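Residue numbers (our numbering): 3 to 303.
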(Lines of atoms letter the chains of each structure in order from A and count residues from 1; the text may use other names and numbers.)
(Lines give C-alpha, C1' and ligand atoms only; values in the text may rest on other atoms or scores of the structure.)
Protein backbone atom coordinates (compact mmCIF):
# COMPACT_ATOMS: atom_id res chain seq x y z
CA UNK A 1 0.00 0.00 0.00
CA UNK A 2 1.54 3.27 -1.12
CA UNK A 3 1.00 6.44 -3.11
CA UNK A 4 -1.64 9.16 -2.94
CA UNK A 5 -5.03 8.50 -1.39
CA UNK A 6 -7.36 11.47 -1.76
CA UNK A 7 -9.39 12.36 1.33
CA UNK A 8 -12.57 13.03 -0.63
CA UNK A 9 -14.75 16.02 0.16
CA UNK A 10 -18.52 15.61 0.32
CA UNK A 11 -20.13 17.83 -2.33
CA UNK A 12 -23.30 19.54 -1.14
CA UNK A 13 -26.07 21.28 -3.01
CA UNK A 14 -27.03 24.77 -1.85
CA UNK A 15 -29.88 23.31 0.23
CA UNK A 16 -27.41 21.17 2.18
CA UNK A 17 -28.28 17.88 0.51
CA UNK A 18 -25.49 15.65 -0.77
CA UNK A 19 -24.76 15.92 -4.49
CA UNK A 20 -24.29 12.28 -5.43
CA UNK A 21 -23.83 13.21 -9.09
CA UNK A 22 -21.11 15.59 -7.96
CA UNK A 23 -19.49 12.79 -5.99
CA UNK A 24 -19.46 10.58 -9.07
CA UNK A 25 -17.88 13.37 -11.12
CA UNK A 26 -15.20 13.92 -8.48
CA UNK A 27 -14.35 10.22 -8.40
CA UNK A 28 -14.01 10.22 -12.18
CA UNK A 29 -11.66 13.22 -11.93
CA UNK A 30 -9.49 11.27 -9.50
CA UNK A 31 -9.36 8.11 -11.57
CA UNK A 32 -8.46 10.00 -14.73
CA UNK A 33 -5.49 11.53 -12.90
CA UNK A 34 -4.10 8.14 -11.89
CA UNK A 35 -4.82 8.37 -8.17
CA UNK A 36 -3.68 5.39 -6.10
CA UNK A 37 -6.65 5.18 -3.74
CA UNK A 38 -9.62 7.09 -2.34
CA UNK A 39 -10.75 7.79 1.20
CA UNK A 40 -14.44 8.35 1.83
CA UNK A 41 -16.01 9.58 5.09
CA UNK A 42 -12.85 11.04 6.54
CA UNK A 43 -12.29 14.40 8.22
CA UNK A 44 -12.34 16.24 4.89
CA UNK A 45 -15.74 14.70 4.10
CA UNK A 46 -17.38 16.52 7.05
CA UNK A 47 -18.49 13.11 8.28
CA UNK A 48 -19.69 14.26 11.73
CA UNK A 49 -22.37 16.39 10.05
CA UNK A 50 -23.67 13.57 7.83
CA UNK A 51 -26.62 11.40 8.76
CA UNK A 52 -26.21 7.63 8.91
CA UNK A 53 -28.28 7.38 5.73
CA UNK A 54 -26.07 9.90 3.92
CA UNK A 55 -22.93 8.10 5.03
CA UNK A 56 -24.24 4.78 3.74
CA UNK A 57 -25.26 6.24 0.39
CA UNK A 58 -21.95 8.10 -0.03
CA UNK A 59 -20.08 4.87 0.59
CA UNK A 60 -22.26 2.92 -1.83
CA UNK A 61 -21.99 5.62 -4.51
CA UNK A 62 -18.25 5.94 -4.04
CA UNK A 63 -17.57 2.22 -4.26
CA UNK A 64 -19.78 1.85 -7.32
CA UNK A 65 -18.06 4.80 -9.01
CA UNK A 66 -14.58 3.42 -8.33
CA UNK A 67 -15.52 0.14 -10.06
CA UNK A 68 -12.70 -1.71 -8.32
CA UNK A 69 -10.02 0.33 -10.11
CA UNK A 70 -8.30 1.55 -6.93
CA UNK A 71 -8.53 0.61 -3.24
CA UNK A 72 -11.29 2.26 -1.23
CA UNK A 73 -10.51 3.38 2.30
CA UNK A 74 -13.35 4.39 4.62
CA UNK A 75 -13.30 6.37 7.85
CA UNK A 76 -14.99 4.21 10.49
CA UNK A 77 -13.53 5.49 13.74
CA UNK A 78 -15.44 6.94 16.68
CA UNK A 79 -14.75 7.35 20.38
CA UNK A 80 -16.70 4.16 21.11
CA UNK A 81 -14.91 0.88 20.46
CA UNK A 82 -18.16 -1.03 19.93
CA UNK A 83 -19.51 1.56 17.47
CA UNK A 84 -16.21 1.62 15.58
CA UNK A 85 -16.34 -2.15 15.19
CA UNK A 86 -19.90 -1.97 13.85
CA UNK A 87 -18.98 0.83 11.43
CA UNK A 88 -16.02 -1.19 10.20
CA UNK A 89 -18.16 -4.28 9.66
CA UNK A 90 -20.65 -2.22 7.65
CA UNK A 91 -17.84 -0.81 5.51
CA UNK A 92 -16.58 -4.33 4.87
CA UNK A 93 -20.07 -5.48 3.89
CA UNK A 94 -20.35 -2.51 1.49
CA UNK A 95 -17.19 -3.57 -0.32
CA UNK A 96 -14.54 -1.28 1.18
CA UNK A 97 -10.94 -2.47 1.20
CA UNK A 98 -9.46 -0.64 4.19
CA UNK A 99 -10.76 1.14 7.31
CA UNK A 100 -9.22 4.38 8.54
CA UNK A 101 -9.67 4.41 12.31
CA UNK A 102 -9.07 7.65 14.17
CA UNK A 103 -7.80 7.70 17.73
CA UNK A 104 -10.74 7.91 20.15
CA UNK A 105 -11.55 11.58 20.60
CA UNK A 106 -12.97 13.62 23.49
CA UNK A 107 -12.76 10.86 26.13
CA UNK A 108 -8.91 11.03 26.03
CA UNK A 109 -8.03 7.40 26.82
CA UNK A 110 -4.69 6.36 28.27
CA UNK A 111 -2.10 4.82 25.95
CA UNK A 112 -3.16 1.35 27.13
CA UNK A 113 -6.77 2.19 26.32
CA UNK A 114 -5.74 3.36 22.85
CA UNK A 115 -3.86 0.09 22.29
CA UNK A 116 -6.79 -2.04 23.44
CA UNK A 117 -9.22 -0.03 21.28
CA UNK A 118 -7.26 -0.65 18.09
CA UNK A 119 -6.62 -4.29 18.97
CA UNK A 120 -10.37 -4.88 19.39
CA UNK A 121 -11.23 -3.15 16.12
CA UNK A 122 -8.53 -5.08 14.27
CA UNK A 123 -9.73 -8.37 15.78
CA UNK A 124 -13.44 -7.87 15.13
CA UNK A 125 -13.96 -5.26 12.39
CA UNK A 126 -13.32 -7.49 9.40
CA UNK A 127 -11.04 -5.10 7.47
CA UNK A 128 -7.36 -4.17 7.38
CA UNK A 129 -7.01 -0.91 9.28
CA UNK A 130 -4.93 2.23 8.99
CA UNK A 131 -4.49 4.00 12.32
CA UNK A 132 -5.23 7.74 12.21
CA UNK A 133 -3.26 9.92 14.61
CA UNK A 134 -4.48 13.51 14.62
CA UNK A 135 -4.01 14.87 18.15
CA UNK A 136 -5.05 18.38 17.17
CA UNK A 137 -8.58 17.09 16.60
CA UNK A 138 -8.75 14.00 18.82
CA UNK A 139 -7.15 15.53 21.90
CA UNK A 140 -4.80 12.57 22.38
CA UNK A 141 -1.51 11.61 20.75
CA UNK A 142 -0.72 8.00 19.88
CA UNK A 143 2.82 7.72 21.14
CA UNK A 144 5.40 5.87 18.99
CA UNK A 145 5.74 3.00 21.47
CA UNK A 146 1.96 2.53 21.46
CA UNK A 147 1.79 2.69 17.68
CA UNK A 148 4.52 0.03 17.48
CA UNK A 149 2.44 -2.31 19.65
CA UNK A 150 -0.67 -1.64 17.57
CA UNK A 151 1.24 -2.24 14.32
CA UNK A 152 2.22 -5.74 15.44
CA UNK A 153 -1.37 -6.82 14.78
CA UNK A 154 -1.51 -8.50 11.34
CA UNK A 155 -4.59 -6.52 10.31
CA UNK A 156 -2.98 -3.15 11.02
CA UNK A 157 -1.42 -2.15 7.70
CA UNK A 158 -0.49 1.49 8.19
CA UNK A 159 -0.80 4.81 9.95
CA UNK A 160 -1.93 8.22 8.79
CA UNK A 161 0.31 10.48 10.84
CA UNK A 162 -1.18 13.95 11.16
CA UNK A 163 0.54 15.05 14.35
CA UNK A 164 2.78 17.41 12.37
CA UNK A 165 5.70 16.11 14.43
CA UNK A 166 8.38 14.93 11.99
CA UNK A 167 10.63 13.67 14.81
CA UNK A 168 7.77 11.49 16.03
CA UNK A 169 7.32 10.09 12.52
CA UNK A 170 11.04 9.30 12.32
CA UNK A 171 10.73 7.48 15.65
CA UNK A 172 7.77 5.46 14.34
CA UNK A 173 9.58 4.46 11.16
CA UNK A 174 12.68 3.44 13.11
CA UNK A 175 10.59 1.27 15.42
CA UNK A 176 8.51 -0.28 12.65
CA UNK A 177 11.47 -1.07 10.42
CA UNK A 178 13.33 -2.69 13.30
CA UNK A 179 10.45 -4.87 14.53
CA UNK A 180 10.26 -8.36 13.00
CA UNK A 181 6.65 -8.72 14.16
CA UNK A 182 5.54 -5.93 11.80
CA UNK A 183 5.08 -6.78 8.14
CA UNK A 184 7.13 -5.12 5.41
CA UNK A 185 3.94 -3.77 3.88
CA UNK A 186 3.22 -1.44 6.81
CA UNK A 187 2.88 2.09 5.44
CA UNK A 188 3.31 5.45 7.11
CA UNK A 189 1.21 8.00 5.25
CA UNK A 190 1.78 11.70 5.73
CA UNK A 191 -1.40 13.24 7.06
CA UNK A 192 -0.35 16.72 5.93
CA UNK A 193 0.18 17.70 2.30
CA UNK A 194 2.96 20.13 3.17
CA UNK A 195 4.99 17.44 4.98
CA UNK A 196 4.76 14.82 2.23
CA UNK A 197 8.29 15.37 0.93
CA UNK A 198 9.80 15.35 4.43
CA UNK A 199 7.92 12.23 5.50
CA UNK A 200 8.79 10.31 2.36
CA UNK A 201 12.45 11.26 2.68
CA UNK A 202 12.34 9.54 6.08
CA UNK A 203 10.80 6.40 4.59
CA UNK A 204 7.08 7.12 4.45
CA UNK A 205 5.33 5.74 1.39
CA UNK A 206 2.60 8.19 0.58
CA UNK A 207 0.09 10.78 1.67
CA UNK A 208 -3.60 10.93 2.43
CA UNK A 209 -4.08 14.23 0.68
CA UNK A 210 -6.52 17.12 0.75
CA UNK A 211 -5.22 19.21 -2.16
CA UNK A 212 -5.44 16.19 -4.45
CA UNK A 213 -9.20 16.81 -4.45
CA UNK A 214 -8.32 19.74 -6.69
CA UNK A 215 -5.03 18.71 -8.27
CA UNK A 216 -4.56 14.93 -8.06
CA UNK A 217 -2.11 14.62 -10.94
CA UNK A 218 0.43 16.92 -9.32
CA UNK A 219 0.33 15.10 -5.99
CA UNK A 220 0.72 11.75 -7.74
CA UNK A 221 3.72 13.19 -9.59
CA UNK A 222 5.30 14.40 -6.34
CA UNK A 223 4.86 11.07 -4.59
CA UNK A 224 5.99 9.03 -7.59
CA UNK A 225 9.23 11.01 -7.74
CA UNK A 226 9.79 10.28 -4.04
CA UNK A 227 9.06 6.57 -4.46
CA UNK A 228 11.51 6.45 -7.35
CA UNK A 229 14.17 8.12 -5.21
CA UNK A 230 14.45 11.26 -7.34
CA UNK A 231 14.24 13.75 -4.51
CA UNK A 232 15.60 16.61 -6.60
CA UNK A 233 12.56 16.44 -8.89
CA UNK A 234 10.32 15.80 -5.90
CA UNK A 235 11.66 18.94 -4.23
CA UNK A 236 10.91 20.98 -7.34
CA UNK A 237 7.36 19.63 -7.34
CA UNK A 238 6.98 20.33 -3.62
CA UNK A 239 8.17 23.91 -4.06
CA UNK A 240 5.71 24.39 -6.93
CA UNK A 241 2.79 23.10 -4.86
CA UNK A 242 3.74 24.57 -1.49
CA UNK A 243 1.80 27.87 -1.81
CA UNK A 244 -1.31 25.85 -2.67
CA UNK A 245 -0.68 23.48 0.24
CA UNK A 246 -0.44 26.41 2.63
CA UNK A 247 -3.47 28.22 1.25
CA UNK A 248 -5.62 25.09 1.44
CA UNK A 249 -5.25 25.17 5.22
CA UNK A 250 -5.62 28.91 5.81
CA UNK A 251 -8.83 28.07 7.70
CA UNK A 252 -10.42 24.92 9.03
CA UNK A 253 -10.42 22.04 6.55
CA UNK A 254 -12.37 21.53 4.29
CA UNK A 255 -13.60 25.12 3.85
CA UNK A 256 -10.57 26.32 1.81
CA UNK A 257 -10.31 23.28 -0.48
CA UNK A 258 -14.04 23.45 -1.22
CA UNK A 259 -13.68 27.14 -2.06
CA UNK A 260 -10.84 26.29 -4.46
CA UNK A 261 -12.86 23.49 -6.05
CA UNK A 262 -15.79 25.84 -6.55
CA UNK A 263 -13.42 28.28 -8.28
CA UNK A 264 -12.38 25.45 -10.58
CA UNK A 265 -16.00 24.64 -11.45
CA UNK A 266 -15.87 21.31 -9.64
CA UNK A 267 -18.59 19.78 -7.49
CA UNK A 268 -18.03 21.03 -3.95
CA UNK A 269 -20.68 23.49 -2.83
CA UNK A 270 -20.82 24.91 0.69
CA UNK A 271 -19.71 23.36 3.96
CA UNK A 272 -22.23 22.41 6.61
CA UNK A 273 -22.33 24.21 9.92
CA UNK A 274 -20.50 24.43 12.22
CA UNK A 275 -17.89 24.92 9.44
CA UNK A 276 -18.48 28.44 8.08
CA UNK A 277 -17.57 29.77 4.66
CA UNK A 278 -14.07 31.13 4.16
CA UNK A 279 -13.58 34.75 5.25
CA UNK A 280 -13.48 37.50 2.62
CA UNK A 281 -9.77 38.06 3.23
CA UNK A 282 -8.97 34.40 2.69
CA UNK A 283 -11.27 34.20 -0.33
CA UNK A 284 -9.04 36.86 -1.90
CA UNK A 285 -5.90 34.95 -0.94
CA UNK A 286 -7.23 31.66 -2.29
CA UNK A 287 -8.33 33.27 -5.55
CA UNK A 288 -4.86 34.77 -6.04
CA UNK A 289 -3.12 31.46 -5.35
CA UNK A 290 -5.54 29.54 -7.55
CA UNK A 291 -4.73 31.78 -10.53
CA UNK A 292 -1.09 30.64 -10.48
CA UNK A 293 -1.84 26.98 -11.22
CA UNK A 294 -2.64 25.15 -14.43
CA UNK A 295 -4.97 22.40 -13.26
CA UNK A 296 -4.97 20.87 -16.73
CA UNK A 297 -1.31 19.99 -16.37
CA UNK A 298 -0.72 16.33 -15.46
CA UNK A 299 2.30 17.18 -13.33
CA UNK A 300 4.03 19.95 -11.41
CA UNK A 301 4.25 22.71 -13.99
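Backbone N, C-alpha and C fix where the C-beta goes; we use that ideal spot for every residue, glycine too.
Just so it is clear, the structure is predicted and the values come from calculations on it, not from any experiment.
Would you kindly check if the distance between the Cβ of residue 198 and the Cβ of residue 225 is under 8 Å? Mapped onto the chain shown, residue 225 falls at position 223. Mapped onto the chain shown, residue 198 falls at position 196. Yes, the Cβ-Cβ distance between residue 225 and residue 198 is below 8 Å.
Where the alpha helix (DSSP H) through residue 28 begins and ends: Start at 1 with the first residue of the chain shown, and residue 28 comes out as number 26. Here the alpha helix (DSSP H) through residue 28 covers 22 to 34.
Buried versus exposed, by CB contacts within 10 Å (16 or more), residue 98: To locate residue 98, count along the chain shown from 1; it is residue 96. Burial call: buried.
How many whole angstroms separate the CB atoms of residue 154 and residue 135, which I take to be in contact at a CB cut-off of 8 Å? By 1-based counting over the chain shown, the position of residue 154 is 152. By 1-based counting over the chain shown, the position of residue 135 is 133. Going by Cβ atoms, the distance from residue 154 to residue 135 rounds to 16 Å, so no, they are not a contact pair.
Give a yes or no on whether the C-beta atoms belonging to residue 44 and residue 274 are separated by under 8 Å. Position 42 of the chain shown holds residue 44. Position 272 of the chain shown holds residue 274. Inclusion of residue 44 and residue 274 in the CB contact set at 8 Å is not warranted, their separation being larger than that value.
When DSSP builds the beta bridges, which residues end up paired with residue 135? Within the chain shown, numbered from 1, the residue matching residue 135 stands at position 133. Per the DSSP secondary-structure output, residue 135 pairs in a beta bridge with 163.
Measuring straight from C-alpha to C-alpha, what distance separates residue 165 and residue 151? Taking the first residue of the chain shown as 1, we reach residue 165 at position 163. Taking the first residue of the chain shown as 1, we reach residue 151 at position 149. Computed Cα separation, rounded: 18 Å.
Can you tell me the Cα-Cα spacing of residue 2 and residue 80, whole angstroms? Lying outside 3 to 303, the shown extent of the chain, residue 2 is not represented and no answer is given.
Under a Cβ-count criterion, where at least 16 other Cβ atoms within 10 Å of its own Cβ denotes burial, should residue 42 be classed as buried or exposed? Along the chain shown, one-based indexing puts residue 42 at 40. In the assembly as shown, residue 42 is a buried residue. Its beta-carbon has 16 or more other beta-carbons within 10 Å.
What number of angstroms, rounded off, separates the C-alpha of residue 74 from the C-alpha of residue 65? Translated into the one-based positions of the chain shown, residue 74 becomes position 72. Translated into the one-based positions of the chain shown, residue 65 becomes position 63. In this structure, the CA atom of residue 74 is about 7 Å from the CA atom of residue 65.
Could you pull out every residue in the same chain whose Cβ sits closer than 8 Å to the Cβ of residue 254, ignoring the five residues on either side in sequence? Numbered from its first residue, the chain shown carries residue 254 at position 252. Answer for residue 254: 277, listed in chain order.
Between the CA atoms of residue 24 and residue 68 - distance to the nearest angstrom: As a position in the chain shown, residue 68 is number 66, starting the count at 1. As a position in the chain shown, residue 24 is number 22, starting the count at 1. Computed Cα separation, rounded: 14 Å.
Cα separation between residue 159 and residue 290? Counting from one through the chain shown, the residue named residue 159 turns up at place 157. Counting from one through the chain shown, the residue named residue 290 turns up at place 288. Their backbone Cα atoms lie some 40 Å apart in a straight line.
For the 8 Å Cβ check, are there 3 or more pairs between the region 47 to 58 and the region 226 to 245? Taking one beta carbon from each stretch, the region 47 to 58 and the region 226 to 245 have fewer than 3 pairs nearer than 8 Å; the two do not touch.
Touch check for the region 193 to 212 and the region 168 to 180: three-plus C-beta pairs under 8 Å? Contact between the region 193 to 212 and the region 168 to 180 is established, with three or more Cβ pairs separated by less than 8 Å.
Would residue 120 be called buried (16 or more neighbouring beta carbons within 10 Å of its own) or exposed? Taking the first residue of the chain shown as position 1, residue 120 is located at position 118. The residue is buried, with at least 16 neighbouring Cβ atoms inside 10 Å.
So what's residue 11 in DSSP terms, helix, strand or just coil? Locating residue 11 in the chain shown gives position 9, where the first residue counts as 1. The answer is coil: DSSP assigns residue 11 none of H, G, I, E or B.
Separation of residue 156 from residue 185, as counted between CA atoms: As a working mapping, residue 185 is identified with position 183 in the chain shown. As a working mapping, residue 156 is identified with position 154 in the chain shown. In this structure, the straight-line span from the alpha carbon of residue 185 to that of residue 156 is close to 8 Å.
At the level of alpha carbons, what is the spacing between residue 114 and residue 149? Here residue 114 is taken as the residue at index 112 of the chain shown, counted from 1. Here residue 149 is taken as the residue at index 147 of the chain shown, counted from 1. Each residue's Cα considered, the two are about 11 Å apart.
Hey, could you find the ends of the beta strand (DSSP E) residue 101 is sitting in? Position 99 of the chain shown holds residue 101. Taken as a continuous stretch (DSSP letters only), the beta strand (DSSP E) holding residue 101 covers 100 to 104.
Where DSSP assigns a beta bridge to residue 208, which residues make up the other side? Here residue 208 is taken as the residue at index 206 of the chain shown, counted from 1. For residue 208, which the question treats as bridged, DSSP gives the partners 5 and 191.
Hey, how far is the Cα of residue 21 from the Cα of residue 122? For the purposes of this step, residue 21 is taken as the residue at position 19 of the chain shown. For the purposes of this step, residue 122 is taken as the residue at position 120 of the chain shown. Looking at the two C-alpha atoms, the distance is approximately 35 Å.
So residue 76 and residue 38 are supposed to be a Cβ contact under 8 Å. How far apart are they, rounded? The sequence position of residue 76 within the chain shown is 74, counting from 1. The sequence position of residue 38 within the chain shown is 36, counting from 1. The Cβ separation is near 16 Å, so there is no contact.
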